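Below is one structure; the comments refer to it alone.
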Amino acid sequence: KAGVTQTPRYLIKTRGQQVTLSCSPISGHRSVSWYQQTPGQGLQFLFEYFSETQRNKGNFPGRFSGRQFSNSRSEMNVSTLELGDSALYLCASSLVAGGWELFFGEGSRLTVL
Amino acid sequence: KQEVTQIPAALSVPEGENLVLNCSFTDSAIYNLQWFRQDPGKGLTSLLLIQSSQREQTSGRLNASLDKSSGRSTLYIAASQPGDSATYLCAVDSGGGADGLTFGKGTHLIIQP
Chain A
216 KAGVTQTPRY
226 LIKTRGQQVT
236 LSCSPISGHR
246 SVSWYQQTPG
256 QGLQFLFEYF
266 SETQRNKGNF
276 PGRFSGRQFS
286 NSRSEMNVST
296 LELGDSALYL
306 CASSLVAGGW
316 ELFFGEGSRL
326 TVL
Chain B
989 KQEVTQIPAA
999 LSVPEGENLV
1009 LNCSFTDSAI
1019 YNLQWFRQDP
1029 GKGLTSLLLI
1039 QSSQREQTSG
1049 RLNASLDKSS
1059 GRSTLYIAAS
1069 QPGDSATYLC
1079 AVDSGGGADG
1089 LTFGKGTHLI
1099 IQP
């Protein structure tokens, strides 16, 4: 069965632009979480979606947003990009929300120039 | 606020050795603990999930233990192979998924052929 699919895998943007990243969870999984990974901060929780509702959000500014569609696919958006937003953005899916095993995609590597 | 620490940060051992990776967390009120491996430039691969009521989990040459009261987990790798070279990450779920996972910074493992 297919794993978590993230697109695009790599992208380069300039400061001030915005970006949208996409995540397709494992078939049957209804919860999608997003994480940011940087060399300095490691992996940090961005937000989790279940049944098209954001359950919670990590300590990130309002420029970071997301949504989930009825087929469980999710997108995250970062507006007014800053150099510090350069990171690997990882999406994870689980069967349902709340303490279940997470399965991660390969990530979208964003470089902001 | 939950904090997760992994020791050592890096480890290099000859092929065939048994080894132990350590993970400690500050708040023992957890739902579960998950071990992942990450290859360079890749996403995370789930290795083992230990629920808070469990003491250990095994998968092939891997064995993970959990001692909630002392805030510790260990990942034991038997008969190490060069293909085990990767970064191993420990993550704790303290809020039933609502707050995401809290990750350690990882142990970078190199198995020398």
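Protein chains in written order, with my numbering: chain A, 216 to 328; chain B, 989 to 1101. In this text, a Cβ means the ideal position worked out from N, Cα and C, and glycines have one as well. Quick caveat: nothing in here was measured; it's all calculated off a predicted structure.
Which residue comes first and which comes last in the beta strand (DSSP E) that contains residue i?
| i | result |
| --- | --- |
| Gln-994 of chain B | 992-995 |
| Phe-260 of chain A | 257-265 |
| Val-293 of chain A | 289-293 |
| Asn-1020 of chain B | 1020-1026 |
| Thr-326 of chain A | 323-327 |
| Phe-279 of chain A | 279-283 |
| Ser-1034 of chain B | 1032-1039 |
| Val-1001 of chain B | 998-1002 |
| Ala-302 of chain A | 302-309 |
| Thr-1095 of chain B | 1095-1100 |
| Asn-271 of chain A | 268-272 |
| Thr-1090 of chain B | 1089-1091 |
Compare the C-alpha of residue i against each of the options and name the closest.
| i | options | result |
| --- | --- | --- |
| Glu-242 of chain A | A:Gly-277, A:Thr-220, A:Glu-267 and A:Pro-254 | Reading off the sequence, residue 242 of chain A comes out as Ser, not Glu. Ranking the options by Cα distance to Ser-242 of chain A, first place goes to A:Thr-220. |
| Lys-1056 of chain B | B:Leu-999, B:Ile-1038, B:Arg-1049 and B:Ile-1065 | B:Ile-1038 |
| Pro-1070 of chain B | B:Ala-998, B:Val-992, B:Pro-1002 and B:Ala-1079 | B:Pro-1002 |
| Arg-1019 of chain B | B:Tyr-1064, B:Ser-1047 and B:Leu-1089 | The amino acid occupying residue 1019 of chain B in the given sequence is Tyr; Arg does not appear at that position. It is B:Leu-1089 whose Cα lies nearest to the Cα of Tyr-1019 of chain B. |
| Ala-997 of chain B | B:Gln-1022, B:Val-1008 and B:Ser-1058 | B:Val-1008 |
| Ser-1102 of chain B | B:Leu-999, B:Ser-1053, B:Val-992 and B:Ser-1000 | In the structure as shown, chain B starts at 989 and stops at 1101, and residue 1102 of chain B therefore has no counterpart that could be examined. |
| Thr-1033 of chain B | B:Thr-993, B:Pro-1101, B:Gln-1100 and B:Ala-1079 | B:Ala-1079 |
| Glu-297 of chain A | A:Lys-272, A:Ala-307 and A:Leu-325 | A:Leu-325 |
| Gln-310 of chain A | A:Val-247, A:Leu-226 and A:Thr-295 | In the sequence under discussion, the amino acid at residue 310 of chain A is Leu, which differs from the Gln named in the question. Looking at the Cα atoms, A:Val-247 is the closest of the given residues. |
| Thr-1095 of chain B | B:Thr-1014, B:Ala-1017 and B:Pro-1028 | B:Pro-1028 |
| Gly-1004 of chain B | B:Gln-1026, B:Ala-1067 and B:Gly-1083 | B:Ala-1067 |
| Gly-1083 of chain B | A:Cys-306, A:Met-291 and A:Gly-273 | A:Gly-273 |
| Gln-994 of chain B | B:Glu-1044, B:Ser-1016 and B:Trp-1023 | B:Trp-1023 |
| Gln-1100 of chain B | B:Lys-989, B:Asn-1006 and B:Val-992 | B:Asn-1006 |
| Thr-295 of chain A | A:Leu-226, A:Thr-222 and A:Gln-232 | A:Gln-232 |
| Arg-278 of chain A | A:Ser-287, A:Gly-257 and A:Arg-230 | A:Arg-230 |
| Leu-1097 of chain B | B:Tyr-1064, B:Phe-1091 and B:Gly-1059 | B:Tyr-1064 |
| Ser-323 of chain A | A:Leu-317, A:Phe-260, A:Cys-306 and A:Gly-255 | A:Cys-306 |
| Gly-255 of chain A | A:Pro-240, A:Glu-321, A:Gly-299 and A:Leu-317 | A:Gly-299 |
| Leu-999 of chain B | B:Lys-989, B:Ser-1058 and B:Asn-1010 | B:Asn-1010 |
| Thr-268 of chain A | A:Phe-260, A:Phe-319, A:Ala-312 and A:Thr-253 | A:Ala-312 |
| Phe-275 of chain A | A:Ser-287, A:Pro-223, A:Arg-288 and A:Gln-252 | A:Gln-252 |
| Thr-1014 of chain B | B:Val-992, B:Leu-1021, B:Lys-1030 and B:Gly-1031 | B:Val-992 |
Interface residues of chain A around residue i at Cβ under 8 Å?
| i | result |
| --- | --- |
| Ser-1034 of chain B | Glu-316, Leu-317, Phe-318 and Phe-319 |
| Leu-1037 of chain B | Glu-316 |
| Gln-1022 of chain B | Glu-316 and Leu-317 |
| Lys-1056 of chain B | Going along chain A, no residue has its Cβ under 8 Å from Lys-1056 of chain B, so there is no contact; the nearest lies around 14 Å. |
Kindly list, in the order they appear in chain A, the residues whose Cβ is closer than 9 Å to that of residue i.
| i | result |
| --- | --- |
| Leu-1089 of chain B | Ser-248, Tyr-250, Leu-258, Phe-260, Ala-307 and Leu-317 |
What in chain A is Cβ-close to residue i, meaning under 7 Å?
| i | result |
| --- | --- |
| Lys-1030 of chain B | Glu-321 |
Which chain B residues are close to residue i, counting only those with a beta carbon under 7 Å from its beta carbon?
| i | result |
| --- | --- |
| Gly-273 of chain A | Gly-1088 |
In chain B, which residues lie less than 8 Å from residue i when you measure between Cβ atoms?
| i | result |
| --- | --- |
| Glu-267 of chain A | None at all; the shortest Cβ gap to chain B is about 16 Å. |
Output yes if chain D places a C-beta closer than 8 Å to the C-beta of residue i; else output no.
| i | result |
| --- | --- |
| His-244 of chain A | No chain D appears in the structure shown, which is made up of the protein chains A and B. |
| field | Complete beta strand (DSSP E) runs within the region 1045-1082 of chain B (minimum length 3 residues, chain order) | value | For the region 1045-1082 of chain B, the continuous beta strand (DSSP E) assignments of 3+ residues that do not extend past its boundaries occur at 1050-1055, 1060-1065 and 1074-1081, in sequence order.
| field | Touch test, the region 256-268 of chain A against the region 278-285 of chain A, Cβ-Cβ under 8 Å, three pairs minimum | value | yes
| field | Three or more C-beta pairs below 8 Å linking the region 232-248 of chain A and the region 1058-1078 of chain B | value | no
| Quick one: complete beta strand (DSSP E) runs, 3+ long, within the region 219-263 of chain A? | Complete beta strand (DSSP E) runs here, min 3: 220-222, 225-228, 234-239 and 246-253.
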